[in-house]
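These notes concern the structure reproduced below.
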Amino acid sequence: MTSAAPIEKKAIRFRARSFVAFALAPEAPLGEWIAGLDRWIENSPGFFAGRPVVLDLAALQPATDDVAALVAALAARGIRVYAIEGIEVGAAVNDLPPLLTGAREATLDGLLARNAPASAEAVPAAEAVPAAGQKPVQAKSGRTLTVDTPVRSGSSIVHMEGDVIVLGDVSWGSEIVASGSIHVYGTLRGRALAGADGNDHARIFCRRNEAELVAVNGWYRTAEDMEPAHRGAAIQAFLDGGALVVAPLK
Amino acid sequence: MGKVIVVTSGKGGVGKTTSTAALGAALAQTGKRVALVDFDVGLRNLDLVMGAERRVVFDLVNVIQGHAKLSQALIRDKRIDTLFLLAASQTRDKDALTEEGVSEVIARLNQVFDYVLCDSPAGIERGAQLAMRFADEAVIITNPEVSSVRDSDRIIGLLDSRTMKAERGEEIKKHVLVTRYDADRAARGEMLAIDDVLEILSVPLLGIIPESQGVLRASNVGAPVTLNEPTNPAARAYMDAARRLGGETLPVVVPFDKRGLFDRLFRRKAA
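Heads up: the sequence lines are chains A and B, in that order.
Position 204 of the first sequence, counting from 1, maps to 204 under the numbering used here, and the rest follow consecutively.
Every number in the numbering used here is 1000 more than the matching position in the second sequence, counting from 1.
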């Protein structure tokens, strides 16, 4: 009759975590929006891989049954929806991602508004962690990522918190994705995708343009479609009236 | 404690094995103890180029798997007694190499030799990654043409991210060795200019090796070109490159077309 050892009571600690996630906001007509999404994915395959995405249905307001179909359609494209917001979803729909309320736009002000300990634990999911393990030398003044080593072929630099400045060359077969503008003080030979979070005002600047592709907020232009006069020259690329313009830098 | 230098390129057929043999022989001729390690498991060539293919008993995989001692597997060169070769296996494939095994072999070689030159296979997969993993320095072999330069750039990216040194936050010292440079074709614009290559790769230049028939002759007789024809322009360029590897500062001479007027008239090549 040995008595059982007393069960130790382990206190369970709840901790707060904050993450920055992409928000996808579909708009009607849904077919066109999905087609646009497919174009984006075609140009940047693997862009959504491993990134948490929140589905903002405030604009679309689909019927409850259609939500599941939309989540499935996104999953088929490799986009994992972690949460839904902007819609009233009935409690019966259990296998949908959880409904979120109170999400905040991820601006610097928004992050600072939280008290210090929580923001210290904030782990931005879309931080600049390049796929090929290249270490950008961070002179990260608030939101700008400065890279002072050449960006080698095969590297992918993603920075969804602002601008990216590259002090060297960007090689073929590498890519820079930024929510803000991209400034290359060298030769751009790879791909530059600015305004990747929906920012229409982002621009791409480079000292010498030999880019494979430039894009601002999804509007892209490949090397083939660029004027020969703009190849090898200092250019800027920006959106003007809904079209991507490539112009020389004076 | 020696230096581990990986000779790599990404692209195949640009001259890694030839350069490993030539540089290794040049370094050993100055009295340094040099070990050449062939990482191209299954497609080994370094033993052929060194003329040791009939003396291979044990190879790198045997040592890793504990079937042979390192001292049994190392083959001493018949011409230079400070030059040794550790051959690759011809019957296995790259999966037989383990990271721990390679780490141990390299560490033991490093204790005994001044230079350990690792001849990497082509590509960016496991074999190439293991060859570079424990390197202190890297020599990136590049032909002056676009696809080779692109692949070299990719390899440089891997050197900066997948080596032990890079993972520790240290910088691995890199050099570009331009091989098969043809002055004629460069003059006609058919080959990339050296400046273009260096501008794209942004890595210091170790040397420029001219295209030479001597290289083929040397590998046919099983000797590094620096031993077989030391006065050949390619051999001399390799010897200069070896001196730069050892730390000397030598100006790099761009090989020019040395054919005289008569040779040009009769279309003979000097090298």
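Cβ coordinates follow ideal geometry from the N, Cα and C atoms, glycine included.
Checklist entry - By DSSP, does residue 1056 of chain B sit in helix, in strand, or in coil? => result Along the second sequence, read from residue 1 onward, the residue named residue 1056 of chain B stands at position 56. Looking at residue 1056 of chain B - three-state DSSP - the assignment turns out to be coil, as it is neither helix nor strand.
Checklist entry - Taking one C-beta from the region 1131-1143 of chain B and one from the region 238-250 of chain A each time, how about it: are there three or more such pairs within less than 8 Å? => result Note that the region 1131-1143 of chain B does not touch the region 238-250 of chain A; fewer than 3 beta-carbon pairs, one per stretch, sit closer than 8 Å.
Item to check | DSSP three-state assignment for residue 238 of chain A, whether helix, strand or coil | outcome: Mapped onto the first sequence, residue 238 of chain A falls at position 238. Residue 238 of chain A: strand per DSSP, three-state reduction.
Next on the checklist: Buried or exposed, going by whether 16 or more other CB atoms sit within 10 Å of the CB of residue 1193 of chain B?
Outcome noted: Taking the second sequence and counting its residues from 1, one reaches residue 1193 of chain B at position 193. It is exposed - the Cβ of residue 1193 of chain B has fewer than 16 other Cβ atoms within 10 Å.
Item to check | Runs of beta strand (DSSP E) lying entirely within the region 27-81 of chain A, each at least 3 residues, in chain order | outcome: 53-56
Item to check | Where residue 1064 of chain B sits in the DSSP three-state scheme | outcome: Taking the second sequence and counting its residues from 1, one reaches residue 1064 of chain B at position 64. In the structure shown, residue 1064 of chain B sits in a helix (DSSP, three-state: H, G or I).
Checklist entry - Under the three-state reduction of DSSP, which class applies to residue 1032 of chain B: helix, strand or coil? => result Along the second sequence, one-based indexing puts residue 1032 of chain B at 32. Coil, per DSSP.
Checklist entry - Between the region 168-175 of chain A and the region 1197-1216 of chain B, do three or more beta carbon pairs fall short of 8 Å? => result By the Cβ rule, the region 168-175 of chain A counts as touching the region 1197-1216 of chain B, because three or more pairs are nearer than 8 Å.
Checklist entry - Sorted by chain position, which residues of the same chain lie with C-beta nearer than 6 Å to residue 183 of chain A's C-beta, five sequence neighbours on each side aside? => result On the first sequence, position 183 is the one that residue 183 of chain A refers to. If we look at residue 183 of chain A and ignore the five residues flanking it on each side, its Cβ neighbours are 165 and 205.
Checklist entry - Under 8 Å Cβ-Cβ, which residues of chain A neighbour residue 1024 of chain B? => result Within the second sequence, residue 1024 of chain B is the residue found at index 24, counting from 1. Here the premise fails: no neighbours, minimum Cβ distance about 28 Å.
Checklist entry - When Cβ atoms are compared, which residues of the region 165-181 of chain A fall closer than 9 Å to chain B? => result 168, 169, 171, 172, 173 and 174
Next on the checklist: Can you look up residue 156 of chain A in the DSSP assignment and give me helix, strand or coil?
Outcome noted: Translated into positions along the first sequence, residue 156 of chain A becomes position 156. DSSP places residue 156 of chain A in strand when its eight states are reduced to three.
Next on the checklist: Nearest by alpha-carbon distance to residue 28 of chain A: which of A:73, A:71, A:55 and A:59 is it?
Outcome noted: One-based indexing of the first sequence puts residue 28 of chain A at position 28. Taking only the C-alpha atoms, the option nearest residue 28 of chain A is A:59.
Item to check | Those runs of the alpha helix (DSSP H) which lie wholly inside the region 1079-1122 of chain B and span at least 4 residues | outcome: 1099-1112
Next on the checklist: Let me confirm a value: residue 1017 of chain B is counted as buried when at least 16 other C-beta atoms fall within 10 Å, else exposed. Which label applies?
Outcome noted: Numbered from 1 along the second sequence, position 17 holds the residue referred to as residue 1017 of chain B. When all chains shown are included, residue 1017 of chain B counts as buried.
Checklist entry - From residue 212 of chain A to residue 1254 of chain B, what does the alpha carbon distance come to, in whole angstroms? => result If you number the first sequence from 1, residue 212 of chain A lands on position 212. If you number the second sequence from 1, residue 1254 of chain B lands on position 254. One C-alpha to the other measures close to 31 Å.
Checklist entry - If you draw a straight line from the C-alpha of residue 1065 of chain B to the C-alpha of residue 1224 of chain B, how long is it? => result Working through the second sequence from its first residue, we reach residue 1065 of chain B at position 65. Working through the second sequence from its first residue, we reach residue 1224 of chain B at position 224. About 30 Å.
Checklist entry - Given residue 1158 of chain B, which residues of its chain have a CB within under 8 Å of its CB, disregarding the five upstream and five downstream residues? => result Counting from 1 along the second sequence, the entry for residue 1158 of chain B is found at position 158. Residues of the same chain with a CB within less than 8 Å of the CB of residue 1158 of chain B, apart from the 5 flanking positions on each side, are 1124, 1128, 1129 and 1132 in chain order.
Checklist entry - Would residue 159 of chain A be called buried (16 or more neighbouring beta carbons within 10 Å of its own) or exposed? => result Looking up residue 159 of chain A in the first sequence gives position 159. Flag for residue 159 of chain A reads buried.
Checklist entry - Closer than 7 Å, CB to CB, is residue 1212 of chain B near chain A or not? => result On the second sequence, residue 1212 of chain B is found 212 positions in, with the first residue counted as 1. No, residue 1212 of chain B lies away from the interface with chain A (no Cβ there is under 7 Å from its Cβ).
Next on the checklist: For a quick check, are the C-beta atoms of residue 1109 of chain B and residue 1036 of chain B less than 7 Å apart?
Outcome noted: Position 109 of the second sequence, counted from the first residue, corresponds to residue 1109 of chain B. Position 36 of the second sequence, counted from the first residue, corresponds to residue 1036 of chain B. No. Outside cutoff.
Checklist entry - Along the chain, where does the beta strand (DSSP E) that runs through residue 204 of chain A open and close? => result Sequence index remark: in the first sequence, residue 204 of chain A carries index 204 (1-based). Element bounds for residue 204 of chain A: 204-209.
Item to check | Proximity below 7 Å, CB of residue 1024 of chain B to CB of residue 1014 of chain B | outcome: Looking up residue 1024 of chain B in the second sequence gives position 24. Looking up residue 1014 of chain B in the second sequence gives position 14. Not a contact, by the Cβ cut-off of 7 Å.
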